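Residue numbers (my numbering), protein chains in the order written: chain A, 1 to 117; chain B, 1001 to 1493; chain C, 2001 to 2094; chain D, 3001 to 3121; chain E, 4001 to 4163; chain F, 5001 to 5166; chain G, 6001 to 6147; chain H, 7001 to 7506. C-beta: ideal position from N, C-alpha, C; glycine also. Bear in mind the structure is a predicted one, so any value in this text is a computation, not a measurement. Okay, structure first, notes after.
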Amino acid sequence: MQILLDTLSWLLLIGGSAFAVIGAVGLIRFPDVYSRMHAAGMTDTLGAGLILAGLMVQGGFTLVTVKLALILVFLLYTSPTSTYALANAAYSRGLQPLLGKRDTGAPPPSAPETEPS
Amino acid sequence: MIAANLPALQIVLPLIAAPLCLLLRRGNLAWALALFVSLAAFAIAVALLTQVLDSGAISYELGGWAPPWGIEYRVDVLNAFVLLIVAAIGAVVLAYARRSVAQEVPTSQHSGFYTAFLLCLTGLLGVAITGDAFNLFVFLEISSLSSYVLISMGRDRRALTAAFQYLVMGTIGATFIVIGIGLLYMSTGTLNMADLGARLPAIGANRTVLAAFAFLTVGATIKLALFPLHFWLPNAYAYAPSAVTAFLASTATKVSIYILLRFFFTVFGPTFEAEEITLNNLVVPLATIAVLVCSTVAIYQGNVKRMLAYSSIAQIGYMMIGIGFGTVTGLTAGIAHLFNHAVTKGGLFLVLGCIVWRIGSCRLGDLAGLGRRMPLTMFAFVLGGLSLIGVPLTAGFVSKWVLVQAAIEQGNWLVAVAILAGSLLALIYVWRVVEVAYLRPAPDSAPEAAEAPWSMLIPAWILIGASIYFGVETSLSLGVAEAAARFLLGGAG
Amino acid sequence: MFFAAILAILVTMSLALTRALLGPTVYDRVLAVNSFGTKTVLLIALLGFLTDRPDFLDIGLVYALINFIGTIAVLKLLKYGNLGTAVRELERNP
Amino acid sequence: MDIPGLFNYWIVIFLMMTGFYVVIARGNLVKKIVGLNIFQTSVFILYISMGKVEDGTAPIVIEGAKGVGAVYSNPLPHVLILTAIVVGIATTALGLALIVRIKEAYGTVEEDDIFAQDEAE
Amino acid sequence: MAVGIVRLDNLLAVVMLSGIYSLISASLFVTMDAVDVAFTEASVGGGIATVLMLATLALTGDTEKPGKGKLQIVPLAAVTITGALLIYGTLDMPSFGDPMAAIHQHVAPRYIEEAPKTTGIPNIVTSVLASYRGYDTMGELAVIFTAGIGVILILGSGRRRDD
Amino acid sequence: MLRAISLGLVLFGIWLLISGIYTPLLISLGAVSCLAVVGIAHRMDVVDHEGHPIHLGWRALTYWMWLTVEIVKANIDVARRILDPKLPIDPAVVTVKASQDSELGHVIFANSITLTPGTVSMRVAENTILVHAIATDMAEDVQSGAMDRRVTAMEGTVQTHLKDAS
Amino acid sequence: MPMIQRHSILRVTTKLLTPFILMFALYVQFHGDFGPGGGFQAGVIFGAGFILYALIYGIEAAEKVAPPGIIRVVMTLGLLLYIGVGYFGMFLGGAFLDYNVLRQDPVQGQHLGITLVELGVGTTVAATMITIFFSFAGRMRRAGRSG
Amino acid sequence: MSGNSAILLAMAIPLAGAVLIALNAKRPNLREAITLGTAGLLFIDVLTLLPEVAAGGRPSFTLIEMLPGLPLAFEVEPLGMLFGLVASGLWIVNSIYSIGYMRANKEQNQTRFYVCFAVAIASTLGIAFAGNMMTLFVFYEALTLSTYPLVTHKGNEDARRGGRTYLGILLSTSIGLQLLAILWTWQVAGTLDFTVGGILNGKVSGPVVGILLLLYMYGIGKAALMPLHRWLPAAMVAPTPVSALLHAVAVVKAGVFTVMKVAVYIFGIDFLRESGHGQWLAYIAAATILIASLVAMTKDNLKARLAYSTVSQLSYIVLGAALATSWSVIGGSMHIAMHAMGKITLFFCAGAIYTATHKTEISEMTGLGRIMPITFGAFLIGALSIIGLPPMGGSWSKWYLALGAAESGQIVMIAVLMISSLLNVAYLIPIVARGFFQPAPGHAHEPAQEPSSAGAAAAPRTGSAGKIREAPTLCVVALCLTASGCILLFFFADPLYRLLEPIAVP
C-alpha cells in the first residue's frame, strides 16, 4: 500500500515538475506578454496542482493535507484573477498583442486611459 | 515595590505615557502628561544615580529571567549619569516645548508630536540603561525613528530631506551595529554585555571579533556624527523644530557616544589591542580634525542653528579625543564634556528657539540689534557662548581643562594645541553672533521683538544657568565623570 | 524524490527570474514575479516535506496570499496610477 | 580554515554590499530605500545562517516519539531577526512617507535635483 | 538579480525585484530552519513593503533619472572595503551549520532545553520572543508604533482634513 | 443573515481542520475569531452571494471536475507547443459571448477561461469576454460555447435581484 | 458596441477571499505558540487582508469599515496591553514583564502572559499597517484631487 | 574687618554696584552717585587690607573649589596690594572724570558703560588678589570680556573693528598660549598656587623653561609685548575714560602685573635669573621700549601716541621682571603705580581736550595751552613723570630699574633706559610746547574741523559755540588730582618700596 502511494506521489510530483519546467521554458520562449501568460498559467495550474497533489498523497489524511488543499484552492482562485488583472491592465494601457495570421476582428485596445504612471 | 523596580520604571513610564499621549487628543493635555512623565523620569534618574553612587551597580532582570538568558538592565555610574543627562534635558525641553511647538507645529499634530517626543526619550533612556546588546539596538531604533519623525516636522521643506538623509545614514549606522552585535554573538553565544565582556578575552582578537569591533565602531561613529561621517547632522539640526533640535543636540549624539564607550570599555575591555590602535591612531586624529574643521566651517555659516550644529560636531570631537586617549583623565574629560556640552548646547538651542519664536528666523543678519530688544535672551546666548568657547567659570572650561591635561599627560602637544585652537575658533563664531546682536542696529523693517515668553525663557535659563553652575561647582560633573572613567577602565580590565 | 521536484522548481524559478530581469515590458516582469511567487509556495511545501517538518505549510499559504495582494497592487498601480480609490469608482470616471 | 563552509557568508556579504552600494551611490530616494531593504535583509540572512545547526530542525518542539533526540537550530537569532525585520519595515515605512512629502515639496525624488534646489534658495 | 536592482531605471521593476529578493531570502530562511522568520519576511518583505513602495511610486512616478547607471568610485570603494572587512571577519567564523560553534553552546541550549517546560509552549522562538526576550519585543512594538505615529505625522492620517 | 451564519460555520470548519490543537481554550478562541471575522466581513459588506456563493452547492463540484479535465487537456496542448522547436503558436484575440445572468457567473466563466492554459480573458464586459488565445483553434474552442453553457448551467436559476449596476 | 468594462472578477475574488484571509490571520495569531507565526505575522496578514479590501473597494469603503480614528486608538491599545501586562507582573510582585506571577502556576502564567502579549503585538501591528496604508492612500487621494 | 571678608568684598562691592547701576538705569544722577559711592567704598575696603599686608600678613580666602586641587582662591601679597590700591584708588578719580566726560559728550548707553566699568574693576581686583594662577586666569578673562563692550562702546564700524582686534588678540593669546602654559605648569608642578621662590623652580630645566616663559609672556597679551601690542592702539576707539583707566591702568597693568606675578611666583626670580632665559626676554622688552617710542613719535593722534607710549612703558615693567634682580623687580613693580598715575593724567588731559574742543590730532592743538592752562599744566606734570624726571614719581621706578640693570651687569639696558627717556621727551614735550608756546590758528575753534574718525556718535558741542573753555569741572578736578598724585608719589615712594621689599628679598 505504502509503495503504491509512494509511486503515485512520485508520478504526480514528476508530472508537476515537468509541467512547471515546461511552463517556465514557455515563459522564456514565447514572444509577448499575452502568450507568456499562457505558459505561466500552465505552471500555475497543472504544475502546482500536480505537485501539491503528490504531496497530499504523501501527507496522508492529516492536517498537512488539508493545508495543502487549501493552498491549492487558494492558488486556483488567485492565479486566474491575477492573470486576468495583468492581461486587463496591459491591454487597457494599450499594449498590442502579437497576433497570428488570422485577424479575428477583435476591438483594438483602447488608448491609454490615464496619464502614464 | 517602586524602589525595586526603578530601572524598569525609568523606561516604561515614558513608554506607557507615549500611547496615552496619543489618546489625549488635546495637545495641551498631551503636553502636560509628557511633562509630568519626564519630570518623573528625571526624579527616577536622580534616585538611580544616588543609589548607584551609594551602593554600586544595580542589576534588574526583566521578566524575571536571569541574564544572560533574559534581558538585564544594568545601571552603573556611567549610564546612571547618562540617564540623568537625558532625563534632565528631556524634562527641561518639554517644559519649554509648549509655546515653541504651538508655533511651529500644526495644532492637529500636537499630541502626535509629544508622543513621538516621549518615544524618543524612551528610546534614548532605553539605550542608556540596558545591559543587553540587542536590546540596545532596539531602543536605538525607537529613538532614531522618532527623531526622524521629529526632525521632519520642521517648517522648512529642507527638514524633510534632512530627516531622510538622517534616516538613511542612521539606518546604515544601526545596521552596522547589528552586524557587529551579530558577529559578537556568533563568537561568544551571548548578548549580555557584561557576559560578552567576560567571554571575549578568552576568545582573543580573532578576525571575527575584529570585524565586529570595526562594525560597531563605524556604526556608532555614524550615529554620533564623528567628523567624516557627520554630514547628516547640520541639516537635521538646522531645520528641525527648535525644541527638537535642543533635545536631540544635547542627548542623541551623547547617547551614541555612550554606546561607543560601552562597547569599547565594557564589552571589548580597555586592553583590547585593536581598540587601542584604533583609538590612538584613528579616533584621536579624526576627532582633532573634526574640532578644527567643523569649528572653521561653523564660522562661515549664515544660519545660527547650522552654526551651532557644526559646533556640535566639533564638540563631539572634543569628547572623542578624550575617549580616544583611553586614560582616566581622558575619559573623565570626555564624559564630563558630554555632560557639560549637553547642558550648554541644549541651553543655546533653547535660547535660539526663543529667538526663532520671536523673530521667526535664525539667520545671522536677522539677529541685528537683538541685544537691545531681547536682552535676557541674548545675554543667555552670550553666557552659553562663553561656555562653548570654554571661558573659565563656565562648564565648557572645566572639561576642556581636563581634556588638555589629558593631552599633555600623553605628551600629545599637537592635540593640546588643537583643542585650544578649537576654542579660539569657537570664540570667532560665537562672537560673530554677539557682535551682530549687540553692535549692529536693528533694521527699521525688523519685526517688533520683545522677550520670549517666560515659559520658554525660564527653561533656557535653567540650562544656561546650569552651564555656569557646573563651571563653578564641578564636584558633580567631574566627580561622577571620574568615577565613571575609573569604573570603565578598572571595572572591565 | 522531493529533491528532484525541488530541483525542478528551482530551475523554474531561475527561468522566471530571467524573464523578470529581461523584461522587456513591465507586464512581463509582473508576470514573472507572480509566477515566481507561485513557485515559491511550491518550494516551501516541498521543503517542508524534505526536512520532515511539513507542519509549516502556513508559510506557503501566506506566500500565496501576499503574492496575490502584491500583484493586484502592482496592476492597479500600472493601470490607474492610484491605489487608494475603489476600482469601481475609477472605472466610472477614468 | 574551512573555505567552503564559509561560502554562504560570502554570498550574503556580496548581496549585502550590493544593497549598500545602492544606498550610497544611487540618487533616487526610492531606490535608496530599496537598497536599504536589501542591505538589511542580507544582514538577516547572515544572522539566520549563523543560527543554523547541521541536521538541525526548526526550533519548534516535536511532540511525541518522533521528537526524541531531535536537534534544533538556534532559536535566538530567529528571535532577534524577527525584531530586526519589524524595525526594517518601520524604517521603510517612514522613509517612504518622507519621500512622498519630499516629492510634494520639491517635485522630484532625485537627490541631486533636490540639492540643486536647496542651493538655489 | 541584485545587480539588476542596481542597473534598472524602472523603479517599478526594482520594487518588484526587491519583492522577489524578499521571497528568495524567505525561502532561504526556511531551509535554514527559521520558519518564523521566513513567515515574517514573506509577509513583510513581499507584501507590506512592496505595497507601500508601490504606493510611494504612485505618488512620485516610477522612473529614475536616466544616465546614472555607471558605477561611482567612492561608494564602490566604501562598499568594497566594508565587504572585504566582512569577508575578513568570516575567516575566523565557524563553518556553516557547525553544531560546536560558540553560538550554540552558551545561551541557546538552555532555551531549547528549558523554554518549552517553563512556558508550556512548543514553539521556542515564540517563547523566547515573548517571554525571555519579551522586553525586546515590547521595544519592537514600540518601534512599529513609532512608525505608525510617524507616518501619521508626516503624511496626515487617512481622513481628509479640510485645510 | 443565513449567509453570515454559514460563512461563520465554514470558517470555523476550516479553523478546526487546520488547527490541529483541540484544547478548549483554542477552540473557543477559534470560535471568537470566526465570529469576529464574520462581524468584520459583514461590515465590509462582502457577505453576499458573490462573496459567499454557497447557493451554487453541488453543481460547483461537478463543474470543477469537468474543468479539471479541460485544464489537463489544455495543459498538455500548450506544453506541446512550447516544446515543439517550431513553436507553433498563432495568437488571436477573440470576443466570447457570456450568457450568464449574474456577475458571479461572468466571473466564474472568465476565470475558467484563464485557468485553462492557452486562453486568457482580458476584459469582461456586459455580455462578452475578450479572450486572448495562444492559437486560433483554441480560441475557436472557447467560442464554441461549451464552457459558457456549463457555467450557465451551474449558475442555475436566474437571480434577477442580484444584477450589479456597474 | 462600446465595451463597458467590468471589474467583477477582482471584486468577486476579493469578496471571497477577504474573510478567509482575516480568519487565517487570527489563526496565525493564536497558533503562534505551536507553529510558526505569532502576533506580528498575524498582524501583518490581517493588515494585508484589509489592504486588499481597500485596494479593490477603495479607501472610503475601507475607512467606513475601520475609521482611522478608531484604528489609531486600537493601535495604542495593543501597545498598552503589552506594557500593561508588564506592569501587572510588576504589581503582583515580580519584575517588569514577569509572567510567572500572573497565575498560581508559573507555566500557566507564562502561557497566559505570552498569549496576551502576542495579542497586543498583533493588534498594534495590524492597526499600524492599516494606518500606514491609509495615510499613503489618503495622500494619494489628495494628490489626485489637486493634480 | 577681617582681611578675608575684605578680599571678598573687594570683588563684591563693584559687582553689587554694577547691579545697582543696572537697576537705576533710568535715574542718571542716582546711578552716578552709586558709581562714586561704590568706588569710595571699594577704596576704603582695599585700604583696610593694607596694614596687615604691610605688616607681612597674607590675608587669604578660598571661594570654591572649581576643579579638584584648583580652587578659586585669593591671597593678598604686596604686589597685589599695590595693584589693588592703584586700581581702586584711580577708579574714584576716573569715576569723577567719567561723569563729566560722558555727560558732556552725551554718550549713548551710559548705563552699560558704568556697569561694565564696575565689572571690569571687580575683575581687576580679582586679578590683583588672586591666590593662584588659575584664579588669576579666570579674572584675566573676565576682564577682557567685560572691557569688550567698553571698547566697542560707540558701536560703529570702527569700534567694531577695534573691538575685534582687541578681543581677538587678548583672548587668543590667553587661551592659546597662556592657558597652555598654565596647564603645563600644573602638569609639571602639580600646583598653581603663587609661592614665593617660584613653583617651577627645580621642576623644569633647559629649553622647557624658555618655551614656558615664551608661552607666558606672549600669553599675557595684555602686557603688550611686541609684536602682540596691536590691540592696545586698536582699543583707543573707546571713550577716553576707558582708555584712561583701563588702558593706562587696569587692563595693561593687569598684564604686566601678571608678568610680574609669573616671574616672581611661578618661576621665581632666582630661578629665572639662573636659567638665563630672562636674557632674551629682556632684549624683547628693550626692543619694544625703543620701537614703540619711535612709533609713538610718528603718531599725530594724541590717543594713539599715548597708546604707543603705554606699550613702551609697559615693557619697562617686563624688563624689570626679565632682569630678575631684586632692584629691577621692585623698580618694575613700582613702575606699575608710577606709570599708572602719570599715564592716567595724560589720558585725562587728552579727554579733556577732546571734550572741550573736539580735537584729537596733536597738530591741531597749537595754542590750546593758553585757553586750557590747567589741563596742559597737568599734562606737563604727567609727561615729566613718564619721562622720569624728579620730582615726579616716575623717576623712582626708573632709578630702581637702572639699578637692577646695573646689578645684573646689563649695561646695554641702562643705555636703553636712557635713550628711551630721551625719546619720551621727544614725543611728549612738543605737545605741551605746542599748546603753550605756539599761537592758536584762527580757525581753531571751528567745530567742522573735527576729524570724521573721531566720535561720529559724539554730539556736537552745545552752548557757546566757537568759544573754547576748559573742560567740564569734574574732568578738570580729576586730572588735577592725578597730577598731584604724580608729585606725591615722588615724596612717598619709601612706603611703596617697603611694601614691595618682601617680594624681591625672599
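Report back the beta-carbon spacing between B:Ala1214 and E:Leu4085 to the nearest angstrom; my notes put them in contact at under 8 angstroms. 6 angstroms
Near H:Ala7457, what residues of its chain come up, given a Cβ to Cβ distance below 8 angstroms and the 5 sequence neighbours on each side ignored? Because the pLDDT of H:Ala7457 is 39, which lies under 50, any placement of that residue in the model is unreliable, and the number read from its coordinates should be weighed accordingly. If we look at H:Ala7457 and ignore the five residues flanking it on each side, its Cβ neighbours are Glu7107, Gln7108, Lys7154, Gly7155 and Asn7156.
For a quick check, are the C-beta atoms of B:Gly1459 and B:Leu1350 less than 8 angstroms apart? The sequence given here has Pro at residue 1459 of chain B, not Gly. Yes, they are a contact pair.
Suppose only complete runs of 4+ residues qualify. What are the alpha helix (DSSP H) ranges in the region 1261-1316 of chain B, listed by chain order? Correct list: 1273-1278 and 1284-1299.
Could you spell out where the alpha helix (DSSP H) holding C:Leu2022 opens and where it closes? Unbroken alpha helix (DSSP H) run through C:Leu2022: Phe2002 to Leu2022.
Can you find a C-beta in chain C that's less than 8 angstroms from the C-beta of D:Ala3097? no
C:Asp2052 to B:Leu1488 span [Cα, whole Å]: 50 angstroms
Are the CB atoms of C:Leu2031 and A:Leu86 within a distance shorter than 8 angstroms? yes
Chain-ordered neighbours of C:Ile2066 on chain G, where CB pairs are closer than 7 angstroms: Residues of chain G passing the Cβ test: Ala6048.
Beta strand (DSSP E) containing F:Ala5133: first to last residue? Thr5128 to Ala5133
Whole angstroms is fine: what's the gap from E:Gly4019's alpha carbon to E:Ala4049's? 8 angstroms
Taking the Cβ atom as the reference point for each residue, do H:Ile7317 and H:Met7260 lie within a distance shorter than 8 angstroms? yes
Grab me the residues of B:Ser1144's own chain with a C-beta within less than 6 angstroms of its C-beta, minus the 5 sequence neighbours each way, in chain order. Gly1170
Distance between G:Ser6008 and F:Ala5146 (C-alpha atoms, nearest Å): 22 angstroms
Pair within 8 angstroms by beta-carbon distance, H:Met7365 and H:Lys7303: Taking a C-beta distance under 8 angstroms as the contact criterion, H:Met7365 and H:Lys7303 do not qualify as a contact pair.
Could you check if A:Gln96 is buried or exposed, using at least 16 other CB atoms within 10 Å of its CB as the buried criterion? With fewer than 16 other CB atoms across the displayed protein chains lying within 10 angstroms of its CB, A:Gln96 is exposed.
Hey, how far is the Cα of B:Val1304 from the Cα of H:Phe7113? 28 angstroms
Could you list which residues in chain E have their beta carbon closer than 7 angstroms to that of B:Thr1208, in chain order? Gly4089, Asp4092 and Met4093
Straight-line CA distance for H:Ala7471 to H:Thr7240? 13 angstroms
Taking the beta carbon of H:Ser7464 as the centre, do at least 16 other beta carbons fall within 10 Å, making it buried, or is it exposed? Residue confidence is low: H:Ser7464 scores 38 on pLDDT, short of 50, so the model does not pin down where it sits. Its coordinate-derived value is still stated next. Exposed, because fewer than 16 other Cβ atoms sit within 10 Å of the Cβ of H:Ser7464.
Go to H:Ile7362, then tell me how far its alpha helix (DSSP H) extends in each direction, as first and last residue. Counting along the chain, H:Ile7362 sits inside no alpha helix (DSSP H), nor does DSSP assign it H or E at all.
Partners in chain G for F:Trp5015, counting only beta-carbon separations shorter than 7 angstroms: Met6023 and Tyr6027
Closer than 8 angstroms to chain D by CB, E:Val4051: no
DSSP beta-bridge partners for H:Phe7061? H:Phe7074
Which of helix, strand or coil DSSP assigns to H:Gly7017: helix
Span separating the alpha-carbon of H:Leu7200 from that of B:Val1402: 20 angstroms
Ignore the nearest five residues each way along the sequence and tell me which others in B:Ala1333's own chain have a CB closer than 6 angstroms to its CB. Gly1322, Ser1399, Val1402, Leu1403 and Ala1406
What whole-angstrom Cβ distance do B:Met1320 and B:Leu1226 have, given they're in contact under 8 angstroms? Sure, about 6 angstroms apart at Cβ, within 8 angstroms.
If we ignore side chains and look at the alpha-carbon of each, how far apart do F:Tyr5063 and F:Val5151 end up? Here the alpha carbons of F:Val5151 and F:Tyr5063 stand approximately 8 angstroms from one another.
Taking the Cβ atom as the reference point for each residue, do A:Leu55 and A:Leu70 lie within a distance shorter than 8 angstroms? no
With a cut-off of 8 angstroms on the beta carbons, I'd call H:Leu7085 and H:Val7046 a contact; round off their distance for me. Contact holds; Cβ gap of about 6 angstroms.
Endpoints, the beta strand (DSSP E) within which F:Ile5021 is located: No beta strand (DSSP E) contains F:Ile5021, which DSSP labels as neither H nor E.
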